[in-house]
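Enquirer:
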Amino acid sequence: MERARRIRRNKWLYLMILPGFLYFVLFKYIPMYGLVIAFQDYKPYKGIFGSEWVGFAQFSRLFHDPWFWEITRNTLVLFGLNIVFFFPVPIILALMLNEVRVQAFKRAIQTAVYIPYFMSWVIVVAISFVMLTVDNGIINNILTMTGHEKINFLLDVRWFRPLYILQNIWREAGWGTIIYLAAMAGTDPQLYEAARMDGAGRFRQMWHVTLPSIRNVIVIMLLLRMGSVLEVGFEHVYLLLNPTNRHVGEIFDTFMYTQGLLQGQFSYTTAIGFFRSLVGLGLVVCANAIARKFNEESLF
Amino acid sequence: MIGLKNFILNREVDRMATATRRKMLSLFAAVMLAFGLLAACAKQSGSNADAGGGAASGAAESGSGGASETAMAPKEPYKITIMAPMKEKDLPSDKILKEVEEKTGYKLEFQWVPDGNYEEKLNTVLATNSFPQVLYMKNQATFVQFKQAIRDGQFWEIGPYLKDFPNLSRLNPTILDNTKVDGKLYTLYMGRDLARQGAIYRKDWLDRLNLQPPTNIDELFNLLKAFTENDPDGNGKRDTFGLTDRNDLVYGAFKTVASWFHTPNNWGEKDGQLLPEFMFPQYVQTMDWFKKVRDAGYMNKEFPVTSKNDQRNLFTSGKAGVYIGAMTDAKTISDETLPNFPDAVIDVFSRVNGPDGQYTTWSIPGYGNVLMFPKAAVKTEDDLKQILGFFDQEMTPEIANLMYWGNPGEHYELKDGLAAEFGGDKADLVARDVREYRNALIGEHETNGSYEGYDSLPAMQHATQLKTENLQYMINDPAAALDSPTLAQKGEQLQQIMSDATYQYILGKIDGAGFQAAIENWKKQGGGDVIREINEAYQKSKQAG
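Written out as structure tokens, the structure reads:
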């Protein structure tokens, strides 16, 4: 009774959530029944109910695939690089922007760093290609003009991971910056006054006041990033893959593309996707438990 | 008093102004939101066009219009849905389509899918069971992938029906044999010149440097060197290089040059066994040659990451002088180069002798593409016969000429019984109206009755002559009609191992030992099984005679 009345009172709120909720049910939860083909030898013309059941054979095939360890290693390395190198950048940017007094400048920079987020990966990678190529790319031209040797960015395997992170930062740091800036705007100015009275300089204030006040936002963003990094990234990595960097660049997503969409191995790639999602889930649950342990804000 | 009243009035005015402003803002926001939604919806159907659905809806519109017209006509035209790869940059106009529909009495709904995405689309179609009635493959490789589905009975066996159709019976039986699966015929084919690989080059550069077209592999190397070092465009700057290549070892330069070194075509016989081409020393010789060319800077260094468009741009923008590929592309390349360099002269060469003085070139198995009839979409035998009836009509001069050449006077004219395609400023029109349908026409000139081409461009005449000459020097693929289940399952993965190794060798990242290691890896990951299965099939086919 009480609950019904509460629902009715907030009915507009519930109505607003309804489309998003339906979206998740229809496109994320209901299709999960398709996971069953990971346990079959799925043939599209036989359908799900007509295809042969093979139990864990596809998973066993995955673990015995010579590529499996390389792919796992590559995925985890890129994931780790993302967390270690990419994650702090928006925080630092936000901290710096927070100190800017001239509002117009602050807003200009904000917009400028945010814009690359709207560019698709195809554009980002294409721009990098044109700039980095040894056949007259800008960067190599500058290098030769200042007396250095040309660097083969695109075909040298050692550049794959740095390029990946740099492109990630260029494209996505702006978005995180906005979020952290918004969180920082909510810090109680009295805390800053108190810190100043205690003799804290700019950096001290940042460390002792600003950062702790957005600590819960940082933790949530970290958890979300962990969950999404294992999933997003196909386009980016696929565009960067070439014959010389495949052994550090091939991740689960690109492997699934080659096997599933190009080779038509539907059951196998569903098993791969299933496994990758399990790993992602495991990471998020662990991180969440750790956050809980430290009495921080957590996702669940 | 007045001050207070004014104050209150002002406050009220301000509040109303704010309220009005707020109302205007929210109205504005609502309208923008509505526009945004509409734009998203419009973009949705617009981007469907990119995925090929637009053509379908476009054709469906003309179809529904046509259907209502012909509903008054005595016979309702039979509708055929067709999915085919789109090789041109844009969707074709429906001018030719309408004429073909009128003349054949069928309604055609083409779903054009960009060539680059065709494999994905094929698998998606297979996975979602949304088959069209006529399904084109993309090339030999995709056909191999679908052989399992064919064996599982997903497609109609059309062999027994062909004799009922006078024109279809004219299709070349040898080529039809090449497309059989387990001895049964499921496909119609699009004919392609067997051996049209060669080189397209800037003859004006050659002449300016007082050189002759190369007749052997060493002369070719020197030509590339001259094009890079001796300022062939005469502008005083060293801004040109020899060969432009792309990230395709088969249809780029590699396989053609490999065949000039006498490398077997995909599979070669050694001690009575079939082995893959990369296990032969000529393959390594070819890689060494490419390494030499690239290290010296006589070709674009980033060719492993260069797309076909970029490869062509390097030639048509005057940076490169040699393009190795299908000689019949000379016309389009010429059309694209002349606007930038009106004095350019394009020509072709192909007879490049190997180190032993002999000439060989590789051949395709006679078909560029095949098409099949999924049972999921073609429900009954009658439906199949209706559809075959359309293709039977395609094999008549009237329809074949329409689809290959277009309309006389509009897209081509007859010269001595040969069709001369209009070029120059009409080239765009021809490309837009006709060229895509040309890729969809079955058979070849001899069997479907269409005119042979009259080439006004000297390069094209030369190309036609050379590709006919090539027929005598072809290296065939002995495993063209053979199958291996492991290849169907892991083909992509295995292929990647060896092409990656090839690129790495050319780039100097691995050496001979590294390449051998890659071969061992290939064998371990399934290549060994492939060799065994192909040889088993080979022995069986030799016994069958």
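In order, the protein sequences belong to chains A and B.
Residues are numbered in the working numbering as their position in the first sequence, beginning at 1, plus a constant of 230.
Residues are numbered in the working numbering as their position in the second sequence, beginning at 1, plus a constant of 29.
Beta carbons are placed, not taken as given, at the ideal position from N, Cα and C, and that holds for glycine.
(1) Would a check of beta-carbon distances place residue 553 of chain B closer than 9 Å to chain A?
(2) Is the shortest distance between the beta-carbon of residue 148 of chain B and the beta-carbons of chain A less than 9 Å?
(3) I'd like the list of long-range same chain contacts for residue 37 of chain B, defined as Cβ closer than 8 Å, with 5 residues on each side in sequence excluded.
(4) Tell me whether the beta-carbon of residue 498 of chain A lies closer than 9 Å to the beta-carbon of residue 468 of chain A.
(5) Kindly indicate if chain B contains any beta-carbon less than 9 Å away from that of residue 391 of chain A.
(6) Please check the pair residue 425 of chain B and residue 478 of chain B, which I expect to be a contact at CB under 8 Å, by giving their CB distance rounded to whole angstroms.
(7) Going by C-alpha distance, which of B/404, B/134, B/269, B/324 is nearest residue 215 of chain B?
(8) Check for me: the alpha helix (DSSP H) holding residue 321 of chain B runs from which residue to which?
(9) Nearest chain B C-beta to residue 348 of chain A closer than 9 Å, yes or no?
(10) Could you name the residues of the same chain whose beta carbon sits closer than 8 Å to that of residue 378 of chain B, not counting the 5 residues immediately before and after it, in chain order?
(11) Answer with yes or no whether the minimum CB distance from residue 558 of chain B to chain A is below 9 Å.
(12) How would you call residue 419 of chain B, buried or exposed, if buried means at least 16 neighbouring beta carbons within 10 angstroms?
(13) Using only CA atoms, which one of B/222, B/159, B/168 lies nearest to residue 500 of chain B?
(14) Are the C-beta atoms of residue 520 of chain B and some chain A residue less than 9 Å apart?
(15) Going by other Cβ atoms of all chains shown within 10 Å of its Cβ, with 16 needed for buried, is residue 526 of chain B buried or exposed?
(16) In this structure, does DSSP put residue 283 of chain A in helix, strand or coil?
(17) Could you give the distance in angstroms between the alpha-carbon of residue 558 of chain B and the alpha-carbon of residue 516 of chain B?
(18) Would a check of beta-carbon distances place residue 156 of chain B closer than 9 Å to chain A?
(19) Can the beta-carbon of residue 292 of chain B be found closer than 9 Å to that of residue 306 of chain B?
(20) I want to verify the contact list: residues of chain A whose CB lies under 9 Å from the CB of residue 174 of chain B, in sequence order.
(21) Under a CB-based cut-off of 9 Å, is residue 468 of chain A close to chain B?
(22) Quick check on residue 305 of chain A - is its C-beta less than 9 Å from some C-beta in chain B?
(23) Throw me the rounded Cβ distance for the residue 121 of chain B and residue 461 of chain B pair, which I believe falls under 8 Å.
(24) How about residue 270 of chain B and residue 318 of chain B: do their beta carbons lie closer than 9 Å?
(25) Taking 6 Å as the limit between beta carbons, can you name the residues of its chain near residue 252 of chain B, skipping five residues before and five after?
(26) Let me know the secondary structure DSSP gives residue 11 of chain B once reduced to three states.
(27) Which residue's Cα is closest to the Cα of residue 456 of chain A: A/439, A/411, A/521, A/423?
(28) Here's the rule: buried if 16 or more other CB atoms are within 10 angstroms of the residue's CB, otherwise exposed. What is residue 403 of chain A?
(29) Beta strand (DSSP E) containing residue 219 of chain B: first to last residue?
(30) Going by the DSSP bridge assignment, what does residue 245 of chain B pair with across the sheet?
(31) Hey, could you find the ends of the beta strand (DSSP E) residue 136 of chain B is sitting in?
(32) DSSP three-state label for residue 285 of chain B, please.
(33) Tell me where the alpha helix (DSSP H) around residue 365 of chain B begins and ends.
(34) Determine the extent of the alpha helix (DSSP H) in which residue 486 of chain A is found, giving its start and end residues.
(35) I need the DSSP call for residue 537 of chain B, collapsed to helix, strand or coil.
(36) For residue 391 of chain B, which residues does DSSP report across the bridge?
Expert: From the atom records:
(1) yes
(2) yes
(3) none
(4) no
(5) no
(6) 6 Å
(7) B/404
(8) 310-324
(9) no
(10) 227, 228, 230, 242, 243, 495
(11) no
(12) buried
(13) B/222
(14) yes
(15) buried
(16) strand
(17) 9 Å
(18) yes
(19) yes
(20) 492, 493, 494
(21) no
(22) no
(23) 6 Å
(24) no
(25) 243
(26) This structure gives no information on residue 11 of chain B, because the portion of chain B shown stretches from 30 to 574.
(27) A/521
(28) buried
(29) 217-220
(30) B/382
(31) 135-143
(32) helix
(33) 359-366
(34) 482-486
(35) coil
(36) B/504
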